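Engineer: In the working numbering, the protein residues as written are 97 to 404.
Beta carbons: idealized from backbone N, C-alpha and C, even for Gly.
Fair warning: this is a prediction, and the values are worked out from it, not measured in the lab.
Attaching a single structure in structure tokens format; questions to follow.
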């Protein structure tokens with residue numbers, strides 16, 4: 097996936113969200129539906145953070161330079177957290193409006209029109225398409241910002257459905273469903289913000305990657321015929337990518353050239369994992385007495401030996 101394609105995703109999402117703001121705003125003005133209005137606010141927030149994403153993707157796809165030798169991908173978690181702030185602000189605003197409307201009794205019947213129903217059904221369909229599109233590109237590029245965008249589009253499908261219930265409430269003589277649906281929409285918005293924060297905080301605080309990835313790192317290390325064991329295997333997120341450090345155990349009679357070749361093979365094998373950025377390998381000769389047990393590695397070896 098090229099850098100240009102990543103930027104194209106941001107441009108497409110921004111354009112679609114701006115069109116949805118216009119469509120929902122027009123229907124809100126003509127019908128007075130609080131549920132449609134909350135959806136318009138949701139799309140307005142989407143447009144705002146889509147603009148941030150577009151700018152962020154431009155920065156993160158810049159090539160490495162002297163100040164950023166590993167590239168600019170590590171900016172993405174910060175972009176995603178900025179997105180989360182906007183999502184939280186929109187969700188709180190919609191929730192406040194819905195709660196005050198119910199408590200004050202100001203739930204006059206809104207006009208239920210084909211336009212209101214149509215714009216919400218179209219929103220659900222469009223958001224499903226954007227969800228699949230953003231998720232596919234996010235998986236190919238491991239982009240936290242695009243993953244956050246995909247999650248928001250997924251939840252927009254549900255909130256559009258909730259808003260549709262509110263719009264139809266007036267038809268069955270239950271206009272109170274309109275602000276209630278707006279409240280449901282706000283919960284969906286807030287949950288999206290929570291998901292974005294949860295995922296990106298892991299990138300920023302250096303959390304460990306999934307256990308299956310750590311197991312694969314160890315497996316690739318022990319598959320080398322000259323590696324007798326490994327210990328102190330540490331893998332952690334640095335931005336959306338993973339840095340790995342480990343000690344490998346080799347016989348002490350290896351020449352410097354041989355030890356270097358073993359280290360290079362291990363580094364390259366682990367770097368072949370898409371999620372991994374940097375790998376640091378320390379070679380421990382047997383005679384120095386630095387070989388030691390590592391329970392997690394022993395368990396992995398036992399699991400592998402027990403497989404048929």
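#1: Exposed or buried, residue 200, counting other C-beta atoms within 10 Å across all chains shown (16 or more means buried)?
#2: Assuming residue 316 and residue 365 are in contact, meaning their beta carbons sit under 8 Å apart, how far apart are those beta carbons, in whole angstroms?
#3: Taking the alpha-carbon positions, what's the residue 286 to residue 246 distance?
#4: For residue 289, I'd like the list of residues in its chain whose CB is within less than 6 Å of its CB, leaving aside the five on either flank, ordered along the chain.
#5: Residues in its own chain within less than 7 Å of residue 320 by CB, not counting five upstream and five downstream?
#6: Mapping DSSP to helix, strand and coil, what is residue 381?
#7: Where do the ends of the beta strand (DSSP E) carrying residue 329 lie?
#8: Do residue 375 and residue 323 come within 8 Å of each other at the CB atom, strictly closer than that value?
#9: In whole angstroms, what is the alpha-carbon distance linking residue 207 and residue 282?
#10: Can you grab the Cα-Cα spacing for the pair residue 249 / residue 299, in whole Å?
#11: Specify, as a first and last residue, the run of the beta strand (DSSP E) that residue 345 falls within.
#12: Determine, using beta carbons only, whether residue 345 and residue 331 come nearer to each other than 8 Å.
#13: So within the region 234 to 260, which uninterrupted beta strand (DSSP E) runs reach at least 3 residues, ignoring any that extend past its ends?
#14: Take residue 148 and list the residues in its own chain whose beta-carbon comes closer than 7 Å to its own, dropping the five residues that flank it on each side.
#15: For the region 136 to 143 against the region 229 to 236, do three or more pairs of beta-carbon atoms, one drawn from each stretch, fall closer than 8 Å, so that the two count as touching?
#16: Keeping to the same chain, check which residues put their C-beta closer than 8 Å to that of residue 313; ignore five residues upstream and five downstream.
#17: Using only alpha-carbon positions, find the residue among 186, 255, 130 and 212 that is nearest to residue 198.
#18: Looking at C-beta atoms only, is the number of pairs between the region 211 to 228 and the region 254 to 261 that lie closer than 8 Å three or more?
#19: Starting from the Cα of residue 338, find the closest Cα among 350, 189 and 310 and give me that residue.
#20: Could you tell me which of 136, 356 and 303 sits nearest to residue 334, measuring between CA atoms?
#21: According to the neighbour-count rule (16 or more other Cβ atoms, all chains shown, within 10 Å of its Cβ), is residue 132 buried or exposed?
#22: With a Cβ-Cβ cutoff of 8 Å, do residue 279 and residue 150 count as a contact?
#23: Taking DSSP's pairing of strands, which residues face residue 45 in a bridge?
#24: Residue 356 by DSSP, collapsed to three states: which one?
#25: Go to residue 319, then tell me how far its alpha helix (DSSP H) extends in each direction, as first and last residue.
#26: Can you tell me whether DSSP reads residue 114 as helix, strand or coil?
#27: Take the Cβ of residue 126 as the centre, count every other Cβ of all protein chains shown within 10 Å, and call the residue buried at 16 or more, exposed below.
#28: Take residue 210 as the anchor and find which of 251, 264 and 107 has the nearest alpha-carbon.
#29: Any idea what DSSP makes of residue 311, helix, strand or coil?
Structural biologist: Quick answer:
#1: exposed
#2: 5 Å
#3: 15 Å
#4: 180, 183 and 184
#5: 358, 361 and 362
#6: strand
#7: 325 to 334
#8: no
#9: Any answer about residue 207 is weak, because its pLDDT of 49 lies below 50 and its placement is not dependable; what the coordinates show is given next. Going from the Cα of residue 207 to the Cα of residue 282 covers about 22 Å.
#10: 22 Å
#11: 337 to 346
#12: no
#13: none
#14: 175, 178 and 179
#15: no
#16: 329, 331, 340, 342, 366, 369 and 372
#17: 130
#18: yes
#19: 310
#20: 303
#21: buried
#22: no
#23: With the chain running from 97 to 404 in the structure shown, residue 45 is simply not present.
#24: helix
#25: Here residue 319 belongs to no alpha helix (DSSP H), and DSSP marks it neither H nor E.
#26: helix
#27: exposed
#28: 264
#29: helix
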